[in-house]
Structures are given as structure tokens and as C-alpha cells.
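Count along the sequence shown starting at 1, add 218, and that's the number in my numbering.
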Amino acid sequence: MSDKQADFNDPITLQVMWDRLVFIADQADSALGRTAFSPIVRENHDYVTVVLDAKGRALSQCTWSIPVFITSLPMAAQNHFLPAFPAHTLQEGDVLATNDPAIGTGHLPDMVMLTPIFREGEIVAYAGSIAHMPDIGGRPQSPDSSDMFEEGIRIPMLKLYKAGQPNTDVFAVIEASVRLPNEVRGDIQSMVAANEVMSRELLRFMDEYGLADLEGLAAAIHGRSEAHMRKAISAWPKGSYKAEVTIDGFESDVKLCVDVQVKGDSIHVDYTGTSPEVARGINVVPHYRVAHTVYALKCLLDPDTPNNEGCMLPITDEAPLGTILNPHPHAPGAARNLVGHVIPSLIFRALQQVVPDKVKGDSGGAPIWGINCQGHKSDGTAYGSAQNFHGGQGGRSTMDGLDTLSFPSNCKVTPIEMYELAVPVLTECKELIADSGGAGKYRGGLGQRGVLRNISDREMNVYLSTERVKHPCFGVVGGGDGRPGAVRRNGEKVFAKGKITLAPGERLELELPGGGGWGSPLERPRELVEKDLREGLVSPEHAREVYGFEGGAA
219 MSDKQADFND PITLQVMWDR LVFIADQADS ALGRTAFSPI VRENHDYVTV
269 VLDAKGRALS QCTWSIPVFI TSLPMAAQNH FLPAFPAHTL QEGDVLATND
319 PAIGTGHLPD MVMLTPIFRE GEIVAYAGSI AHMPDIGGRP QSPDSSDMFE
369 EGIRIPMLKL YKAGQPNTDV FAVIEASVRL PNEVRGDIQS MVAANEVMSR
419 ELLRFMDEYG LADLEGLAAA IHGRSEAHMR KAISAWPKGS YKAEVTIDGF
469 ESDVKLCVDV QVKGDSIHVD YTGTSPEVAR GINVVPHYRV AHTVYALKCL
519 LDPDTPNNEG CMLPITDEAP LGTILNPHPH APGAARNLVG HVIPSLIFRA
569 LQQVVPDKVK GDSGGAPIWG INCQGHKSDG TAYGSAQNFH GGQGGRSTMD
619 GLDTLSFPSN CKVTPIEMYE LAVPVLTECK ELIADSGGAG KYRGGLGQRG
669 VLRNISDREM NVYLSTERVK HPCFGVVGGG DGRPGAVRRN GEKVFAKGKI
719 TLAPGERLEL ELPGGGGWGS PLERPRELVE KDLREGLVSP EHAREVYGFE
769 GGAA
């Protein structure tokens, strides 16, 4: 089939071709996950693979995707990589990469990689991937850094591979700067391999359909997605919808403010009023902010249309320079998720009167709690790995929130057995916390309690990235707040962010926050309260206090 014969206006043809593009990204996803060295990539799936057109616009992404990565990658390509490396300066076998926070996802551990795909001497597309490195030097990932430079090594945009040959000087610098050189190099090479899979399979796809380029297909995909999004926006009432939320911050509280402005078939989101940037690693760069803005609105407006560049076009946002959502250059941001992950819940709060049936309560998995264990073995070699813990999802309009769910990220949890192989800890406990979900017609999901014990013969440094210890997750549409989180060492509360030390045998106790509820607790169906009582998810006292439930469990 030639390019002229491929009818991109035919929905069946377009759907078949679209599914093939997604499959290509999924093949690369499998290659990266199966060959990666570190648990955070191999087990947590903290990476994405994306096919981009010749202009750097996203065409398709792997099915299991992290929202911030799939939006940050095309922005990095269009705003930075392509201007710095015009097509005529590239050749087959080149691989471009950087971990610059301002270009990529907002913190140094995320490596951004772009591989040009050539067909008959011309670039027809790019293969892109982002993966979270297990270490990037400097202070281990945590929110207690004071500027970007102490958070690790920054690799400028460069050719990691030139005409198929590795840039050995760059690899040497990276390996000399990190604690886990074998794992870091292995993960980078896995990204290279994943991009090669996308390149190979995309060219095979183009051969099968006789496509000289992807311009017509890209226009059809982007145009349809943009049209669907604009149609969905047009169904909303025009207006300005505001909300704010207070979170723990570091030394002091942080306030996030939003004004969602619905204007016909487009939306502009303004974060004016948000707290100033801070001298700690919780600042959010624009790419990270935009990604969560787009994700939240995509969930509410048009969750079923395939996600690609077209979905982003009707949405814009802004935050004043110098605020925590638009900091000055070189502001620290290693734990930027502690603030950025709250953006979707903030937008949901603003729109709860517009689309009450689509919003959900604030989630205890927003943000992810990152527990980063670092130290040295008896022989002096370094170990290190981060484990993700998730709180309860917010309640929804038709059902309770899920327990211990990652939202708005999409990261898995490293299996306990694999984590205990990576670092010398024993996971003594992981259990749900009864009564932790916010009350509502549909309650919030439960938080979890986890206990880690240092079983090595040396001190272990643990770097905590946590939130919602002071300020609980809020409910929506009349729902109640969830239970706040807590961090203890040997039973005593400790400051829940930054570095703490565990001596041999000491325990770290983590209590994750519960999600906020949806709707009035007095409207909760009796059978759901009885079910919660039978399963031990709420106590009789809690059922009486918040639901007015006096009977016993059936």
C-alpha cells in the first residue's frame, strides 16, 4: 500500500495503524524492562517509551506509561533537542541524551534519550525514552538539597552515541560520578536498546504500508485527538473555577492555588497565588507542571481517546516565575513529585462543581512516598535502592477509592523479595490501616503501614520523600478527609523528610495517608458500611461516629 493509497480518513484504517504504533512502543517497553539492571527501572517500571514524528511530536506511547514522562518527552524534543541538533547535523546511529531538569522531567535522576530514525537518508521520526536512574551522584535523592548542583551530576544535551559508537568519555564521567556505575550504565544501554527496537519496528511498519514519511498519518492522529478534546471542553460551562490546597512543604507549609479558565473549546490554567519557590528539593519545573495539568484535564475530559500530541493542544497553563511551580534556574527539585503530584487533585477540587461525577477525592498516593536506602556493605562496596510506598486513592462517584494506589504516577512497587536483595533490610510488616480512608458516600482508599528493619552490621542512611503528614488528603463533593501519614524510628516520630540514620537492628515505621472521600458520609449505603465492618476496614466506633451506623455487621 502506498502513502497515497493509505486512507487516513478511514477510521478503521487509522485505528489499525494507530494500534500498530502503540504495539511498537510496547515492544520497546518490554525490551527496556527485561534488560534493565536496577530495581527502580526493572521492577518499578519507572520509565516510558514513545514514538515521535519528525517534528518531535508524540505519536504513540507504551501502554503502561507515567503521565509526566509522556508529556515531558515531546516538550523536551521540540523545545530543546531539535533546535540544538537540527536534522542536518545528525546521522544514523546517533543517540541524544540529557538529564538536565529544565529540559526533561524536573530532576536529575531521569535520563531523557532521543534517537533519530532515518529512512532513505532522511529523518522520518524519533524514538524516545525516559528512565529513572538508580543513582546520579551528589546527595542521594531526597527533598533536603539546597540547590540543583548538590543533587547530582548534570549531563548537558549531547551525543551519547555517534554514528553507532558510544561516547566513551561521557560514559567514563558518568560512571566515575555515581555510586552504582554498573547499574547506571546498564540502564542507559537498555534505553539505547529500546530506542533501537522502536526504530527497527517503525521502519518495518512503514515498509508494510509503503509510507515515505509519517506526516499524513501524524496529521490524522493529532487532528482527531485535538478535535475530540475540543469537543469535550465545549460541553463544559464557560467560566473560571478556583481552588487551593495546603501541603506540608519542608520547613513550612506550601500553598498551591489554581484558576481553571474554560474558554469555549480551550482551557487555560493559572497558578497565580501559589507559594514562592523554596531552597529545598521540592520545586517543580514548567515541564513537570504542564504534564500534570494536561493529565488531570485529560482524565476529566476525554479519557478514552488515544493519548498523543493532539490532546495537549487545547490546554495551556502558567505559573508566575519564582513560585514553587515555576522556580528560577538551578533551584533544587530532586523530590519535585512531593508538590507536582498534588496538581491533579488541586484541579479536581476546582472542578468538583462542574463535573462532580468525574472528580475523585485527594489521593494518599499523591505523592508517592520514596524510601531511599543507601549505605555500604561489609566489603566497602556501595548499595542503594528506593522503594515506593502508596497511600489510599480518593473516593469516586460510583465506588470507593482503591487501597495503596500510585496516583497520578503509574509506578509499580518493587517486590519485597527483590528489594531485600538490593538493600539489607527486612520488611517486617505491610498492612492496611483501618479507618484511614476519608468518610464519604464512597470512602477513600486505605493507607498502609510498613516496617523496615536494618539487618546489616553497619549504619544505613535512609532518605525520606513523604507528604501529607501534617495536612491530610481532602475529600470532594462533601467527602471527609483521610487519615494523615506518619514516620517513626523505633516507635518515635521523626521529621518525615530528608536523611535519617538507622543503626543495625533499628526499625523504620511508615504510615501512609488515606484518600479523601467522595460525597456525604450520611449517604453511604448501609451494605457498604456492613461490608467494611466485616472485613475490618473500619471499626465499629468509626462507623458510628462518621456514618451514624448503630447496627452490627451482617
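Glycine included, each C-beta is placed from N, C-alpha and C at the ideal position.
- Item | 7 Å Cβ cutoff met for L623 and K576 | Contact flag unset, no.
- Message: So, under 8 Å CB-CB, V266 and Q279 are touching, yes? Tell me the CB distance rounded to an integer number of Å.
- Response: Going by Cβ atoms, the distance from V266 to Q279 rounds to 6 Å, so yes, they are a contact pair.
- Task: Return the first residue and the last residue of the beta strand (DSSP E) that C647 is part of.
- Result: Note, C647: beta strand (DSSP E), 643-650.
- Secondary structure of G602, DSSP reduced to three states: In the structure shown, G602 sits in a strand (DSSP, three-state: E or B).
- Task: Can you check the stretch 382-432 for any beta strand (DSSP E) of at least 3 residues that lies completely inside it and give the ranges in chain order?
- Result: As far as the stretch 382-432 is concerned, it has no whole beta strand (DSSP E) run of at least 3 residues.
- Message: One question on the structure: do V764 and A657 come within less than 7 Å of each other, judged by their Cβ atoms?
- Response: With respect to the 7 Å criterion, V764 and A657 are classified as neighbours on the basis of their beta carbons.
- Query: For E261, which residues of its own chain have a beta-carbon under 7 Å away from its beta-carbon, when the five flanking residues on both sides are left out?
  - Reply: Its chain contains K630, T632, P633, M636 as the residues whose beta carbon lies nearer than 7 Å to that of E261, once the 5 sequence neighbours on both sides are disregarded; these appear in chain order.
- Message: In the DSSP output, what is Q592 paired with across the bridge?
- Response: DSSP, once it has assigned bridges, lists G602, N679 as partnering Q592.
- Hey, which unbroken runs of the alpha helix (DSSP H) at 4 residues or more fall wholly within the stretch 226-286? The stretch 226-286 contains these whole alpha helix (DSSP H) runs: 229-253, 257-260.
- DSSP-derived helix/strand/coil call for D221: Interpretation of D221 is limited by its pLDDT of 47, a score under 50 that renders its predicted location unreliable; no figure is taken from the coordinates.
- Item | Backbone secondary structure at P504 - three-state DSSP | Annotated three-state conformation of P504 is helix, per DSSP.
- Message: In whole angstroms, give me the CA-to-CA distance for N317 and A437.
- Response: So the two alpha carbons sit approximately 30 Å from each other.
- Query: Looking only at C-alpha atoms, which of G528, V415, M375 sits nearest to A445?
  - Reply: For the residues G528, V415, M375, the minimum Cα distance to A445 belongs to G528.
- Is I533 buried or exposed, if buried means 16 or more other CB atoms sit within 10 Å of its CB? Buried is the label assigned to I533, since at least 16 other Cβ atoms lie within 10 Å of its Cβ.
- Query: How would you call F566, buried or exposed, if buried means at least 16 neighbouring beta carbons within 10 angstroms?
  - Reply: Buried is the call here.
- Task: Report the partner residues of R725 according to the DSSP bridge assignment.
- Result: According to DSSP, R725 bridges with R671.
- Message: Relative to the C-alpha of P812, which candidate in S484, T511, L474 has its C-alpha closest?
- Response: Absent from the model: residue 812. The displayed extent of the chain is 219 to 772, so no value can be given.
- How is the beta strand (DSSP E) around P334 delimited, first residue to last? Element bounds for P334: 328-337.
- Query: With a cut-off of 8 Å, do at least 3 Cβ pairs link the stretch 328-337 to the stretch 386-399?
  - Reply: No, the stretch 328-337 is not in contact with the stretch 386-399.
- Message: Within 10 Å of its beta-carbon, does R676 have 16 or more other beta-carbons around it, so buried, or fewer, so exposed?
- Response: Label assigned to R676: exposed.
- Contact check, P257 vs A553, beta carbons under 7 Å: Against a cut-off of 7 Å, the Cβ pair of A553 and P257 comes out as no contact.
- Query: How many Å lie between G356 and A243 at the Cα?
  - Reply: Each residue's alpha carbon lies about 33 Å from the other.
- Query: If you run the structure through DSSP and keep just helix, strand and coil, what is G528?
  - Reply: Looking at G528 - three-state DSSP - the assignment turns out to be helix.
- Closest to D483 by CA distance: which of L531, G467, F607 is it? Ranking the options by Cα distance to D483, first place goes to L531.
- To the nearest angstrom, report how far apart R206 and I288 are at their CA atoms. Residue 206 is absent from the structure shown; the chain starts at 219 and stops at 772.
- Item | Close-in-space but distant-in-sequence residues of the same chain around I628 (CB under 8 Å, 5 per side omitted) | The sequence shown places Asn at residue 628, not Ile. H263, W282, S283, I284, P285.
- Kindly confirm or deny that the stretch 594-601 and the stretch 497-515 touch, where touching means at least three C-beta pairs closer than 8 Å. As far as the Cβ criterion goes, the stretch 594-601 does not touch the stretch 497-515, which means the pair count is below three.
- Opening and closing residue of the alpha helix (DSSP H) in which Y637 lies: Residues 634-640.
- Between the Cα of L277 and the Cα atoms of D699, S738, L420, which residue gives the shortest distance? That would be L420, whose Cα lies nearest to the Cα of L277.
- Among residues of its own chain, excluding the 5 on either side of L569, which ones have a beta-carbon nearer than 7 Å to its beta-carbon? Excluding residues up to 5 positions away in sequence, Y459, V478, L518, V577 lie with their Cβ nearer than 7 Å to the Cβ of L569 in the same chain.
- Message: Helix, strand or coil, according to DSSP, for F607 in the structure here?
- Response: Here F607 sits in strand by DSSP.
- Close Cβ partners of L308 (< 6 Å) along its chain, the five nearest in sequence each way excluded: Hits under 6 Å: P334.
- Query: Between A249 and V342, what straight-line distance do the alpha-carbon atoms span, to the nearest angstrom?
  - Reply: Taking C-alpha positions only, A249 is separated from V342 by approximately 22 Å.
- Message: So, for E768: in the same chain, excluding its five sequence neighbours on each side, which residues have a beta-carbon less than 7 Å away from its beta-carbon?
- Response: Sequence-distant Cβ neighbours of E768 in its own chain, meaning closer than 7 Å and more than five residues away, are R762.
- M219 to Y427 span [Cα, whole Å]: Low confidence applies to M219: its pLDDT is 41, below 50, so where it sits in the model is not reliable, and the reading given next is rough at best. Their backbone Cα atoms lie some 5 Å apart in a straight line.
- Looking at the structure shown, is S563 part of a helix, part of a strand, or coil, going by DSSP? Note: S563 maps to helix in three-state DSSP.
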